[in-house]
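Residue numbering for the sequence shown follows our numbering, starting at 89 and increasing by one per position.
Yeah, the Cβ is synthetic: ideal placement off N, Cα and C, and Gly gets one too.
Computed from a predicted model, the values in this text were never measured in an experiment.
Inspection log for the structure reproduced underneath, given as structure tokens.
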Amino acid sequence: MAPFLGELNKESFVALLKNLIGESKYVQNNPPELIPEEDRIVKHLLEVLLPFSTTTGGGPLIINHVAYKPNRGNLIVEYPGTEPNKILSFVGMHMDVVTANPSDWEFDPFSLSIDGDKLRGRGTTDCLGHVALVAELMKKLGETKPKLQSTVVAVFIASEENSSIPGVGVDALVKDGLLDKLKHGPLFWIDTADKQPCIGTGGMIPWKIHVTGKLFHSGLAHKAINPLELAMEALKEIQSRFYKDFPPHPKEKVYGFATPSTMKPTQWSYPGGGINQIPAECTISGDVRLTPFYSVSDVLKKLQEYVEDLNQNIEVLDSRGPVSKYVLPDENLRGRITISFDEASSGVACNLESPGFRVLCKATEETVGHVKPYSITGTLPLIRELQVKHFS
């Protein structure tokens, strides 16, 4: 498109971004305290795009503002091509942001500031900067009206940063069939804070291991089953089995994953009590980050099997010291481990043979000087849902 469109109008881009960052305080997404009003962003996009739209008669852009909740709209912008079944789409430019506490920042996060060649403010890289950039692209198409075979569609979405309120963003658009035509061509998800193409993401399985022991005074440790010790030893064994069953996959090198699949604890809790009291129970929470070459259902099944086996053979776990134990035969008591899971999601591996991938690599190399696609085990479940529904 570069021969038709020329270079980015930096002044216009920065002016739009300034308006968007100025709204970032009101599009923070952390319900129930902070529910974003994405229509604040839509308002600025419409100011830029409507003059070149069929709505006003000023241009070819077809604009569809779709809202499923008050003040929480999505915006679909289409530049028609000449071939009915040829299409190129940019999706994922989300109009909500993660929270920011101004006291933790060295500058005001809710207004755009410029430091040399740096643009600063909440959302500049995730993802209001992307919103402004793609809006400028669509504006340029509307202005210059190049004759393109492929229709170009931009989908600015609500509610990406937090999914606790469903049916607001891209999930609802897909459900209503409003994005079905995008299946006819490459779809680029625009939400990465890097110059290089991201071609893979990980799945996530949030887990909780709850351990029950026996409460007793720490001066009589032989009469207790210490759930903290049991939890540490059980988790160590579970992790060991996980890494044996789900080792680094050969395709991870092909996709440039920074890490293989991992299972690790991130939180620890217990009911409380005195320092001289061995508690009755504790909980360790964490997650599995799974590269897309393994099945989430297989991991869930294996983790449950590990726990069931440990409960049946709890005596074989290492103990800690001469009176540490997980079974009290005289009292017919055994320590017990349970595992539970919150909602899991699968990862994504992009099609490395797709025309969209080849074009993106070529464009990156021409613009940046080199191309090095990468993958991470961060999660983007919305993309996985699109892939499952045959978007490419």
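Here Arg424 is bridged, per DSSP, to Thr300. Between the beta-carbon of Gly290 and that of Arg377 there is about 5 Å, and that keeps the pair under the 8 Å contact cut.
Proximity to Gly110 across Asn173, Asp279, Leu200 peaks at Leu200, based on C-alpha coordinates. In terms of Cβ geometry, Asp127 and Asn159 form a close pair [threshold 9 Å]. Judged by pairs of C-beta atoms under 8 Å, the region 233-247 touches the region 151-167, as three or more such pairs exist. Annotated three-state conformation of Cys286 is strand, per DSSP. In this structure, the beta-carbon distance from Glu325 to Leu398 falls below 9 Å. The DSSP assignment places 443-456 as complete runs of the alpha helix (DSSP H) inside the region 427-468, in order along the chain (cut-off: 4 residues). In this structure, the beta-carbon distance from Phe334 to Tyr394 does not fall below 9 Å. Around the CB of Val299, 16 or more other CB atoms lie within 10 Å, so the residue is classed as buried. The shortest C-alpha to C-alpha distance from Asn162 to any of Glu396, Leu448, Ala246 is the one to Ala246. If you ignore the 5 residues before and after Gln284, its C-beta comes within less than 8 Å of the C-beta of Thr452, Val456, Val459, Lys460, Pro461, Tyr462, all in its own chain and listed in chain order. Between His218 and Gly180, the C-beta spacing is below 9 Å.
Rounded to the nearest whole angstrom, the CA to CA distance from Glu431 to Gly307 is 41 Å. According to the DSSP secondary-structure assignment, Ala242 is paired through a beta bridge with Val165, Phe178.
In this structure, Lys228 sits near Asn97, with a CB-CB distance shorter than 9 Å.
Within the DSSP secondary-structure output, Phe345 pairs in a beta bridge with Ser463.
Per DSSP, Asn399 is one residue of the alpha helix (DSSP H) stretching across 384-400.
Taking 9 Å as the cut-off, the beta carbon of Pro410 is found no closer than this to the beta carbon of Cys370.
Contact between the region 400-407 and the region 378-388 is absent: fewer than 3 CB-CB pairs across the two stretches fall below 8 Å. Collapsing the DSSP output to three states places Thr143 in coil. Apart from the 5 residues on each side of it in sequence, Asn173 sits with its Cβ closer than 7 Å to the Cβ of His272 in its chain, given in chain order. Looking at Phe140, Ala437, His305, the one whose alpha-carbon comes closest to that of Val342 is Ala437. In this structure, the alpha-carbon of Thr213 lies about 10 Å from that of Val185.
DSSP, read as helix, strand or coil, puts Ala223 in helix. DSSP places Asn152 inside the beta strand (DSSP E), whose first and last residues are 150-155. Annotated as distal: Cys215 and Ile151, with beta-carbon spacing of 9 Å or more.
Using a 10 angstroms sphere on the CB of Pro443, the tally of other CB atoms stays under 16, which defines it as exposed. In the DSSP assignment, Leu378 falls within the beta strand (DSSP E) that extends over 369-378.
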